[in-house]
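Under my numbering, the residue at position 23 of the sequence shown is numbered 18, and the numbers go up by one with no gaps. Quick reminder that beta carbons are idealized off the backbone N, C-alpha and C, glycines included. Owing to the predicted nature of the structure, the values given are computational and were not obtained by experimental measurement.
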Amino acid sequence: MIFSEHKKQGAKIGRAIKKTLLKGIAACPTNKKNKLLTAAINDPYVKGFVIYMSAMSIDMVFEGALWKKKKRIEFLIECWQELGIPMNSIHEFLRVIGDPIKEGIWDEGGQYSKGKNDAALVLTSAYGILNREALQTDIIVKAQKRANDVIGNNPEVYSNSSKAATLSAAVCEITIEKHMKNHFTDL
């Protein structure tokens, strides 16, 4: 089946998000992955992370700020189908995006917002565009320490984009991967 370029890009982001979610529970047997993703996608933190990561990717990764609404929706649908999210849930996700009242309902306990904020940290650290406030958060301070450990004594070998990618990977490890490990390893 041949897709439009933006649909291929949506599927690519979906695969990257799926890999990130599953990396947090790397010991999970392959036959449990679908069960895991089904359970995880109902978790408010994971919903916030997935929705925000995929929506921000349109603008930050694919420079889709000028995309029409239909193209953006097709990208998101393709992305979320790659994660195995059923269409009824996808339609619900699309109704919630950008609606502060519906997002507020999903944010009981603050987990939805936490997932969104962590997705923002992952993407902004990958692009090296963290603001002063974000640079001072515990997550970024810990992630920077881990990234420096990876880079080690050879910082001149790493380009700025490699350093940003290393920091982003460390942010993933501290946020979404840790959440997955803490909540979904017993499935």
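Residue nearest to residue i in terms of C-alpha spacing, selected from the options
| i | options | result |
| --- | --- | --- |
| Y47 | L116, Y122 and G105 | L116 |
| E73 | L89, L61, A60 and E58 | L89 |
| F179 | S84, W75, A35 and D144 | A35 |
Residues near residue i in its chain [Cβ-Cβ closer than 8 angstroms; skip 5 each side]
| i | result |
| --- | --- |
| V69 | Residue identity differs from the one stated: residue 69 is Glu in this sequence, not Val. Around E69: S(-1), H1, K2 and G5. |
| A142 | K158, T161, L162, A164 and A165 |
| T33 | G79 |
| G59 | H1, I53, K66, R67 and F70 |
Same chain, Cβ closer than 6 angstroms to residue i, neighbours up to 5 away in sequence not counted
| i | result |
| --- | --- |
| K13 | L78 |
| M55 | L118 |
| H184 | Residue 184 falls outside the range modelled here, since the chain spans only -4 to 182, and no answer is possible. |
DSSP state of residue i mapped onto helix, strand, coil
| i | result |
| --- | --- |
| I36 | coil |
| F57 | coil |
| Y122 | coil |
| N177 | helix |
| S(-1) | coil |
| K64 | helix |
| I80 | coil |
| S154 | coil |
7 angstroms Cβ shell around residue i - same chain, five flanking residues per side excluded
| i | result |
| --- | --- |
| F57 | Q4 |
| A121 | A159, A160 and S163 |
Would you check if there are 3 or more beta carbon pairs closer than 8 angstroms linking the segment 106 to 115 to the segment 34 to 48?
-> Three or more beta-carbon pairs drawn from the segment 106 to 115 and the segment 34 to 48 are found closer than 8 angstroms, and the two stretches are therefore classed as touching.
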